[in-house]
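Numbering (this note's numbering), first residue to last: 26 to 282.
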């Protein structure tokens, strides 16, 4: 099976006295097994990277989750240490990459922090520590030494009937594994909410009038992609969009040749 190339975001971490640009395996494995694509990790070097050249070489972009938060200076928020940790090198890479992917109609899947980056990239804001706000649920992972327990499908989200995400999932209610402290504050004008939690927290978005697949989810479909039907549907739909773009570009290039 053909595996089109997809650009994947990277965190910048200090490990063993070295600076690493890395992505958790869970996302990469889901990209391969769930979407049938070839993930390429993009280092977070910001403006030093020719992102237009990158988007000529790939047929999709996946923005992963992370333990870090978008720096509040990107949306006029509170830059206190309490709202960290931060990864400004990642911000300087993912935010312009998201905008360029949308402008150039490159399929985009944004997960957890990725959804928050998508919202900020298009002019929205984020709300910090939402579990402390009146009327809001605690969307953080439950305390446990077990990763499966931390990422258990435990929260219900309502998917807007007739929406893009509804077409992908074929359901209006699904269980998800939200494990976040931050969430969408003011939704970017170019985005529309596709799913919300029981407390009204935005849990999925799409880009208005997008010319291709452009979906952000606040939960973690990569974790249960092999056993959870909605998770599998999201990655399969993304993979199909990536392959469709690759086939289209191959046809155009073939005709030009």
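We put the CB at the ideal spot given by N, CA and C, even for glycine.
In the structure shown, residue 129 falls within a coil segment according to DSSP collapsed to helix, strand and coil.
Residue pairing by DSSP places residue 62 in no beta bridge whatsoever. Under a 10 Å Cβ-count criterion, residue 43 is classified as exposed, with fewer than 16 other Cβ atoms of the shown protein chains found around its own Cβ. DSSP places residue 270 in the helix class (H, G or I) of the three-state scheme. Taking a 10 Å sphere around the C-beta of residue 168, we find fewer than 16 other C-beta atoms and assign the residue as exposed. Judged by beta-carbon spacing, residue 154 lies beyond the 9 Å limit of residue 120, meaning their Cβ atoms are not closer than that value. Taking a 10 Å sphere around the C-beta of residue 144, we find 16 or more other C-beta atoms and assign the residue as buried. Contact between residue 206 and residue 165 holds: their C-beta atoms lie close to 6 Å from each other, under 8 Å.
Just measuring C-alpha positions, the residue of 272, 261, 252 and 34 sitting nearest residue 136 is 34. DSSP lists 232 as the beta-bridge partner residues of residue 216. In the DSSP assignment, residue 139 falls within the alpha helix (DSSP H) that extends over 138-146.
Among the bridge pairs identified by DSSP, residue 111 is matched with 94. In the three-state scheme derived from DSSP, where H, G and I count as helix and E and B as strand, residue 71 is classed as helix. Around the beta carbon of residue 40, fewer than 16 other beta carbons lie within 10 angstroms, which makes this residue exposed.
It is roughly 8 Å from the alpha-carbon of residue 248 to the alpha-carbon of residue 55. Around the C-beta of residue 254, fewer than 16 other C-beta atoms lie within 10 Å, and the residue is accordingly described as exposed. If you draw a straight line from the Cα of residue 218 to the Cα of residue 115, it comes to about 25 Å. Residue nearest to residue 61 within the set 47, 260 and 194 is 260 (criterion: CA-CA distance).
Residue 229 is a Cβ neighbour of residue 220, given a cutoff of 9 Å. Note on geometry: alpha-carbon atoms of residue 130 and residue 109 lie some 32 Å from one another. Annotation for residue 38: the continuous beta strand (DSSP E) segment containing it runs 36-40.
With a beta-carbon spacing of about 21 Å, residue 66 and residue 239 fall beyond the 8 Å limit used to define contacts. Of the residues assessed, residue 159 falls on the exposed side of the cut-off, its CB having fewer than 16 other CB atoms within 10 angstroms. Pairing residue 199 with residue 134 gives a Cβ-Cβ distance that is not under 9 Å.
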